[in-house]
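If you number the sequence shown the way the working numbering does, the last residue is 581 and the count never jumps. Note that the Cβ used here is the ideal one computed from N, Cα and C, for glycine as well. Every value quoted in this text rests on a predicted model; they were computed, and no experiment measured them. Report on the structure given below.
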Amino acid sequence: MNQPRDVQVYPIAPETTVLRSRTWDRLKFEIEYALQRGTTANSYIIQGDKIALLDPPGESFTDIFLTKLQERIDPKLLDYVILGHVNPNRGVTLKALLEQAPQVQFVCSNPGAIALRSILELPDLKITVARGDESLDLGRGHVLEFVPTPNSRWPDSLCSYDKESGILFTDKLFGIHVCGDQVLDEGWTSISEDRRYYFDCVMAPHARQVEKALDKLAGFEAGLYATGHGQLVKYGLTSLTQFYRRWCEDQRSQDSTVALLYASAYGNTGTVASAIARGITKAGVAVESINCEVTEPDEIRAVVEKADGFIMGSPTLGGHAPTPIQTALGIVLSTATKTKLAGVFGSFGWSGEAIDLIEGKFRDAGFQFGFDTIRVKFKPTDAILKLCEEAGTDFAQALKKSKKSRTSRQGNITSQVDRTEQAVGRLIGSLCIVTAHKGEITGAMLADWIAQATFNPPGLTVAVAKDRAMESLLYQGDKFVVNILEEGRHLGLMKHFLKPFAPGEDRFAGVATQDGDNGCPILTDSLSYLECTVENRLECGDHWLVYGVVTNGKLLKSDGVTAVHHRKSGNHY
């Protein structure tokens with residue numbers, strides 16, 4: 009869109025204001041931004057007898073944010089800057105702020121203080137470390153209490169609570185990457201899908217630690233969650249809190265778990281780790297994400313022993329793996345049994361020796377790999393992140409298949425289709441190929457769970473398994489095409505799209521296509537096609553039910569008959 013960025017200022021309580029740094033463009037190449045709906049970076053000012061600024065944004069907004077801040081307060085009167093987390097991106101804004109307000113005192117967690125000193129490199133930096141038993145009196149009743157809520161991705165995470173206003177400043181928790189004029193979450197059900205997507209991408213790999221954070225925060229009587237991103241949570245506060253607990257429980261109750269161990273020097277390896285984790289959780293397997301730089305060896309050992317498989321990622325620094333990865337590698341090699349599935353990934357600038365080292369050690373030890381080793385040079389693109397997500401899904405599916413096979417052999421289990429499954433299997437549908445295109449990514453899947461849903465507007469539903477690669481291309485506002493196959497001429501296309509595709513593989517190689525009006529591939533050998541836009545999604549067990557509105561369509565062969573799919577059982581396609 010290339011729309012200009014701005015800062016929206018809005019009072020949310022007496023003496024408390026939010027400054028929402030907004031962009032309608034995609035801000036980063038990270039999996040949680042993949043819906044491409046823009047984002048806001050929310051900062052807050054509390055003006056008691058003393059003035060505190062919470063969570064200034066990153067360098068994408070430095071200039072416009074500081075300009076807007078100067079309109080609200082004189083930077084020389086600013087007393088405190090409170091940081092929910094610290095990273096180099098935010099450091100750019102902090103350096104610029106210190107030039108205007110050298111008197112400020114920073115408040116952050118202990119890991120945050122270590123990172124802040126490293127980033128700013130100022131010997132006389134004023135920092136107060138919040139360990140969880142301190143409070144900060146700003147006057148006029150505003151007494152802030154601090155709650156460390158660390159996880160592997162943000163070990164320095166810190167929440168703040170102001171009893172006077174009833175506001176809980178939650179930083180990354182309960183956020184959402186959506187940009188718009190709406191400040192609070194009126195009509196919050198309309199963004200439920202986006203909140204779930206954010207949780208799945210950002211929080212699900214840290215479900216155990218997120219639950220601990222929720223337990224800590226439960227003691228505060230909050231009437232508003234002042235989030236780090238997106239709309240502030242007021243109207244859906246109780247429901248969203250319950251959803252977070254349920255989603256965390258869903259992760260912990262999975263039959264299989266993958267230990268995802270990594271270190272990330274510049275953030276790129278961490279971004280790849282998040283994409284792999286997203287693919288794993290999509291397939292109904294839990295992830296225990298471990299940042300080796302901030303995790304004790306005993307905890308790494310315990311996670312590896314418990315997990316059914318493990319994946320390790322590393323940057324390459326000076327031709328070597330960083331020390332925390334070398335330590336973790338030794339733990340894995342001495343702890344993990346050879347029946348556990350393995351995976352390797354990493355990012356690099358000029359070479360990838362660390363990746364080769366880990367892969368070689370695992371191969372020499374006799375481990376089987378769940379996907380081909382992923383090597384990412386510099387910053388991952390959308391296409392690479394999609395490849396990583398698919399690799400994670402493949403890994404999870406292989407893990408579940410292996411575990412099921414071992415269980416069957418041990419228990420001498422024989423399968424028998426019961427009468428209910430036989431009855432369900434008699435439901436039939438037309439054989440179709442659903443295709444989609446989004447940015448630099450295309451996708452396709454064979455489907456027969458498709459039905460007309462509405463006359464006006466003309467609409468249909470498509471059932472998409474949660475672990476399908478296409479699932480991430482079928483969110484609200486996305487475009488797709490339903491290509492309906494012709495009886496007697498469907499086998500070639502059916503066989504082509506039934507075969508397993510490697511992560512990132514071109515689904516349309518050797519298939520005749522043309523671009524539809526909505527930019528998605530049309531299979532020219534199909535009977536007819538319907539161009540659609542996703543209007544809504546509904547979570548249904550192990551599938552998403554996608555409702556699409558038909559915007560265009562054409563019958564390509566007027567004398568053809570629709571191909572249909574007959575099943576004997578309702579427990580598989």
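6 Å Cβ shell around residue i - same chain, five flanking residues per side excluded
i: N420; result: Confidence at N420 is low in this model, with a pLDDT of 45, below 50, so the placement of that residue should be treated as unreliable; the coordinate-derived value is given next. Here the set comprises nothing.
i: I39; result: C209, S282, A283, R286 and L393
i: V137; result: N118 and A121
i: Q259; result: A212, A215 and A294
i: A336; result: L269, C300 and I308
i: R28; result: Q16, T48 and N50
i: T381; result: V352 and E367
Beta-carbon contacts of residue i that lie in its chain and below 7 Å, excluding the five residues immediately before and after
i: H498; result: L439 and A571
i: G56; result: E23, L146, G147, R148 and H150
i: W162; result: H93 and K180
i: A21; result: S173 and I175
i: G447; result: D390
i: Q113; result: D87, Y88, K134 and T136
Cβ pair residue i, residue j closer than 8 Å
i: V191; j: Y52; result: no
i: G545; j: E397; result: Note on residue identity: the sequence assigns Arg, not Gly, to residue 545. No, Cβ-Cβ distance for R545 and E397 is not below 8 Å.
i: N159; j: H214; result: yes
i: Q405; j: D306; result: no
i: P64; j: L105; result: yes
i: R98; j: C187; result: no
i: V490; j: W552; result: no
i: V352; j: D316; result: no
i: Q239; j: D193; result: yes
i: C540; j: F463; result: no
i: F379; j: D402; result: yes
i: L144; j: T157; result: no
i: V26; j: A234; result: yes
i: P529; j: T443; result: yes
Distance, residue j Cα to residue i Cα
i: H504; j: G66; result: 46 Å
i: L61; j: Y88; result: 6 Å
i: M9; j: R34; result: The pLDDT assigned to M9 is 45, lower than 50, so where the model puts this residue is not dependable; a value taken from the coordinates is nonetheless given after this. Roughly 9 Å between the two C-alpha positions.
i: I288; j: E219; result: 20 Å
i: E361; j: G327; result: 6 Å
i: F375; j: L395; result: 22 Å
i: V280; j: S355; result: 8 Å
i: V115; j: A123; result: 13 Å
i: T422; j: K411; result: Residue confidence is low: T422 scores 42 on pLDDT, short of 50, so the model does not pin down where it sits. No coordinate-derived value is stated.
i: A350; j: G338; result: 14 Å
i: K369; j: I363; result: 10 Å
i: G556; j: K562; result: 16 Å
i: L365; j: S168; result: 42 Å
i: D170; j: L86; result: 18 Å
i: V312; j: S297; result: 11 Å
i: P323; j: W358; result: 11 Å
i: E256; j: A459; result: Note that residue 256 corresponds to Cys in the displayed sequence, not to Glu. Straight-line Cα distance between these residues: approximately 33 Å.
i: L245; j: W457; result: 35 Å
i: L616; j: V519; result: Residue 616 lies beyond the range of the chain shown here (9 to 581); nothing can be said about it.
i: L341; j: K408; result: 22 Å
i: G524; j: E495; result: 23 Å
i: D82; j: I54; result: 14 Å
i: V470; j: M478; result: 11 Å
i: D372; j: K346; result: 11 Å
i: L582; j: T70; result: Here the chain has residues from 9 to 581 only, and residue 582 is not among them.
i: M629; j: A344; result: Outside the displayed span of the chain (9 to 581) sits residue 629, for which this structure offers no information.
Host alpha helix (DSSP H) of residue i (start-end)
i: C256; result: L245 to R260
i: P332; result: T331 to T343
i: T277; result: N276 to K290
i: E513; result: It is not in any alpha helix (DSSP H) - E513 carries neither H nor E in the DSSP assignment.
i: T428; result: R427 to V432
Beta-carbon proximity list for residue i, same chain, < 8 Å, skipping 5 on both sides
i: D567; result: none
i: Y41; result: R34, L35, T47 and H185
For residue i, the first and last residue of its enclosing beta strand (DSSP E)
i: G321; result: G317 to P323
i: T48; result: T47 to Q55
i: P305; result: Where P305 is concerned, there is no enclosing beta strand (DSSP E), although the alpha helix (DSSP H) it sits in stretches over P305 to K314.
i: T136; result: I135 to V137
i: N6; result: Any question about residue 6 goes unanswered here, given that the chain covers just 9 to 581.
i: R614; result: A question about residue 614 goes unanswered here, because the residues of the chain that appear run from 9 up to 581.
i: S173; result: Premise fails: S173 is in no beta strand (DSSP E) and is neither H nor E.
Unbroken stretches of the alpha helix (DSSP H), 4 residues or longer, contained in the stretch 350-378: 361-372
Whole runs of the beta strand (DSSP E) within the stretch 463-505, excluding any shorter than 3 residues: 467-473 and 487-492
Inside the stretch 61-125 only - beta strand (DSSP E) runs reaching at least 3 residues: DSSP runs (the beta strand (DSSP E)) wholly in the stretch 61-125: 88-90 and 113-116.
Residue ranges of each alpha helix (DSSP H) within the stretch 525-561, 4 or longer: none
Whole runs of the alpha helix (DSSP H) within the stretch 197-226, excluding any shorter than 4 residues: 200-206 and 215-225
Contiguous beta strand (DSSP E) assignments of at least 3 residues, all confined to the stretch 431-461: 440-446 and 449-455
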